[in-house]
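This report concerns only the one structure given below.
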Amino acid sequence: MGGPPRSRRLAPARPRRGAGWRADQGVGPRHRARGRRGRALPGRRARAGAPARRPARGALSRGGRPGPAEACGNVWSRTPTVRLSFRAPGEVPPSRWPARLPVGSSFLPFGLFLRRELEDVLAVEREGARGSALAFGGHLRLPAEQAVERLRAKLRPYGYTPFLQRDDGLDWVQALPLAEVTARSRPSIHILLFLATVATTLLAGAFISGVSPVALSADPRRIASGLPFAASLLAILGVHEFGHYTLGRRHGMAVSLPYFLPLPPIPGTLMIGTLGAVIRLRGPAQSRRALFDMAVAGPLAGLVVAIPVYVWGLRMSSVIQIPPGTEIAAFQLGDSLLLKLLTRLVMGPLPTGTDILLHPVGLAAWFGFLVTTLNLIPAGQLDGGHIVYALFGRRHTLISQCSVVILLLMGIVLWSPNWLVWAALIVFLMGFHHGPTMDDITPLGPGRRAVGALAFVLLVLLLPPVPVPLSAH
27 MGGPPRSRRL
37 APARPRRGAG
47 WRADQGVGPR
57 HRARGRRGRA
67 LPGRRARAGA
77 PARRPARGAL
87 SRGGRPGPAE
97 ACGNVWSRTP
107 TVRLSFRAPG
117 EVPPSRWPAR
127 LPVGSSFLPF
137 GLFLRRELED
147 VLAVEREGAR
157 GSALAFGGHL
167 RLPAEQAVER
177 LRAKLRPYGY
187 TPFLQRDDGL
197 DWVQALPLAE
207 VTARSRPSIH
217 ILLFLATVAT
227 TLLAGAFISG
237 VSPVALSADP
247 RRIASGLPFA
257 ASLLAILGVH
267 EFGHYTLGRR
277 HGMAVSLPYF
287 LPLPPIPGTL
297 MIGTLGAVIR
307 LRGPAQSRRA
317 LFDMAVAGPL
327 AGLVVAIPVY
337 VWGLRMSSVI
347 QIPPGTEIAA
357 FQLGDSLLLK
367 LLTRLVMGPL
377 PTGTDILLHP
387 VGLAAWFGFL
397 VTTLNLIPAG
407 QLDGGHIVYA
417 LFGRRHTLIS
427 QCSVVILLLM
437 GIVLWSPNWL
447 VWAALIVFLM
457 GFHHGPTMDD
467 ITPLGPGRRA
477 VGALAFVLLV
487 LLLPPVPVPL
497 SAH
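Just add 26 to the spot in the sequence shown (first one is 1) and you have the working numbering.
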C-alpha cells in the first residue's frame, strides 16, 4: 500500500499468443519467486521468502532478436511522474497536448531506442508522450506515404503502430500500442448469417407480394413469390458492401467479409427481413486516400445496381386510380429528387387521382436507395463520415454535429420521426469521433475531392424529406 507511486509502463505491448513471440511470465510487486502458474522464473533460482525481481515486460524475443526493453535496460523502475510540455526552450506549450511522462529509466531508455529507430525517417526536434503514445516531432526526411510504410515495418515487431500528423509546423510521429485486431472471423459465421438473411428476406418478400402467413403455412412453396424482392435487395446490399471490401483490400486494409444482418419480418409492416450488412475494419486505414476510396466505393457501387433495378421495378409496376377520399391498404413512400426524375422518365406524367403501385422489385430498389442515403450522411463512422474525415480531417467532429442538428430540424419541421430516430442512433451508438489514419498528412488530390463533392450531391438528390409517412393511404 505504501511507497512511491508506480510509473506508467511504456514498454512495448505484449503481442497476442500464437504470433510467434515468447515472453517471460510477468509477476506483480508482491509476488514471490514463482510465476502465477507456479513456474520458476527463467534464469533465477527460487529462494524461499524472497521477493522475485520483476522481469521487463518488453523482454520479448522473436527468433533470437532482442526486444526494445532488452536493448534499453529495465523499464519497470518505480519513479514519480511529471507533466510534460511539448516545446522548445522559451516556447509556450500548446494546452491541447496534456500528457503524463514517467521520468528516469521508465521512459527514457525506450524513448531513446525508438528515436534511434526513427532517425532515418524523421529529423527529431521534440519528443515526449501524448496520452498513451510516444510522440516525436520534427521534419520528415521522406514523403509521408513512404515514411509511414517504413515506420510501420520498423515499429510493428515491437508491438507499435505509427501515426503521422502535422501540428504547430512540425511532423509528429506517434507510436501507439499495436492498433490492429489480428484474430480473423470464421467463414462459417458469414455463411450462416447470409443464409439466415436469405430466409428472412424471402419471407418478407412473400408478405409484400400479398401472401398471408396462413396461406404460407398451408403451402410453404409460396415463399418463392418473395424471390424477386429478396434477390434484388440482397444484390444491392451485397454490391455495396463488396465495394467497401474490394477497395479496402486493394489498399492493404484489414477488412472482413460482409456480415449480413437478418431480421424476421412481421406481416403488415415494412420490415424487409434485414438490417442491412456491415464489414469490420480490423485496424486503422493507412492514409486518407485509402479511407476515402474504401468509403466512397460502397455507395457508388450500390447505386450502379439500384438504379437499373428501380427502373426494372417501375416497368413491372402498375398505375392505379385513387378516387378522392378513398383509403387503400398500402404504405406511402417518400420520393427524392432522383426517384422523381427516374419515375417521370419511365412512367411519364401521371394523371390526376392516380398513383403507382410499386412492384416488389421496385420496393427493394427503394430501400436500397434509402440505405445509400443513410450511409452518405456525413457523421460518425458512416460512409459519409469517413469521406468527410478524408476530406477535412479534424473538422470531421464539427461537421458531424452540424449534420445531426440538420436531421433533428428535418424531423421536427417536417414531422418525420424517421430522421429523429436516425439522429438518435448516430448520437448514442456512433458518436462524433473518428480515429486518425496512419498517414494523416498527405491530402487528397483534385480527382478524389471531385468524387467527394459528387457523393454529397448524390446525398441531396437521394434524400427524401419524409421517407415513410406515419399514415397509410
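Even for Gly, the Cβ is constructed at its ideal location relative to N, Cα and C. Remember, it's a predicted structure, so these values are computed and weren't measured experimentally.
To the nearest angstrom, report how far apart Gly324 and Ile432 are at their CA atoms.
24 Å
Would you tell me roughly how many angstroms separate the C-alpha atoms of Leu484 and Asn444, rounded to the nearest one?
20 Å
Would you kindly report the start and end of the unbroken alpha helix (DSSP H) that includes Gln427?
422-439
What is the rounded straight-line gap between the Cα of Pro183 and the Cα of Phe482?
41 Å
Touching or not, the stretch 379-395 and the stretch 320-337, by the rule of three or more beta carbon pairs under 8 Å?
yes
Among the candidates Ala250, Val477, Met320, Asp465, whose CA atom is the shortest distance from the CA of Ser235?
Ala250
Supposed contact pair Leu190 and Ala170 - C-beta distance, whole angstroms, cut 8 Å
6 Å
For Thr300 and Pro348, the rounded distance between their alpha carbons:
Here residue 348 turns out to be Ile, not Pro, going by the sequence shown. Cα to Cα, Ile348 sits roughly 31 Å from Thr300.
So, Met320 versus Met373, is the Cβ gap smaller than 8 Å?
no
Buried or exposed: where does Leu127 fall if 16 or more other Cβ atoms within 10 Å of its Cβ makes it buried?
In this predicted model, Leu127 has a pLDDT of only 38, less than 50, meaning its place in the structure is not dependable; the value taken from the coordinates is given anyway. With 16 or more other Cβ atoms within 10 Å, it is buried.
Hey, how far is the Cα of Ser211 from the Cα of Gly274?
17 Å
What is the C-beta distance between Gln312 and Thr463, in whole angstroms, given that I count them as a contact (C-beta under 8 Å)?
7 Å
Coarse secondary structure for Gln191, derived from DSSP in three states
strand
Could you check what DSSP says for Ala416 in three-state terms: helix, strand or coil?
helix
Residue range of the unbroken alpha helix (DSSP H) whose run includes Phe162
Looking at the DSSP string, Phe162 is not in any alpha helix (DSSP H); the run it does join, the beta strand (DSSP E), is 159-166.
Name the one or two DSSP bridge partners that Asp319 has.
None, per the DSSP bridge assignment.
Is Thr227 closer than 8 Å to Phe268 when the C-beta atoms are compared?
no
Buried/exposed call for Leu408, threshold 16 Cβ in 10 Å:
buried
What residues are listed by DSSP as bridge partners for Ile382?
Val345
Only counting the same chain, and skipping five residues up and downstream in sequence, which positions put a Cβ closer than 8 Å to that of Val513?
This structure cannot speak to residue 513, because the chain is shown only from 27 to 499.
Quick one: give me the first and last residue of the alpha helix (DSSP H) that Ala481 is part of.
472-488
Counting only the same chain and skipping the five closest in sequence on each side, list residues whose C-beta sits under 6 Å from that of Gly410.
Leu402, Ile403, Pro404
Ala257 - containing alpha helix (DSSP H), residue span
253-276
Distance between beta carbons of Val150 and Arg141, contact taken as under 8 Å
6 Å
Terminal residues of the alpha helix (DSSP H) in which Ala449 lies
443-451
So, Leu196 versus Gly163, is the Cβ gap smaller than 8 Å?
yes
Can you check whether the CB of Trp441 is closer than 8 Å to the CB of Leu400?
no
Given Gly252, which residues of its chain have a CB within under 8 Å of its CB, disregarding the five upstream and five downstream residues?
Thr227, Leu228, Leu229, Ala230, Gly231, Ala232, Phe233, Ile234, Ser235, Val237, Pro386
Is the Cβ-Cβ distance between Thr423 and Phe454 less than 8 Å?
no
Count the other CB atoms, across all protein chains shown, that sit within 10 Å of the CB of Cys428; report buried if there are 16 or more and exposed otherwise.
exposed
In whole angstroms, what is the alpha-carbon distance linking Asp50 and Phe139?
Confidence at Asp50 is low in this model, with a pLDDT of 34, below 50, so its placement is unreliable and no value can be given for it.
Determine the direct distance from the alpha carbon of Leu202 to that of Arg178, and round the result to whole angstroms.
11 Å
Taking the continuous beta strand (DSSP E) assigned at Gly302, which residues delimit it?
300-304
Roughly how many whole angstroms lie between the Cα atoms of Leu221 and Leu367?
35 Å
Could you spell out where the alpha helix (DSSP H) holding Pro239 opens and where it closes?
239-244
If the criterion is Cβ atoms closer than 8 Å, does the pair Thr223 and Leu283 meet it?
no
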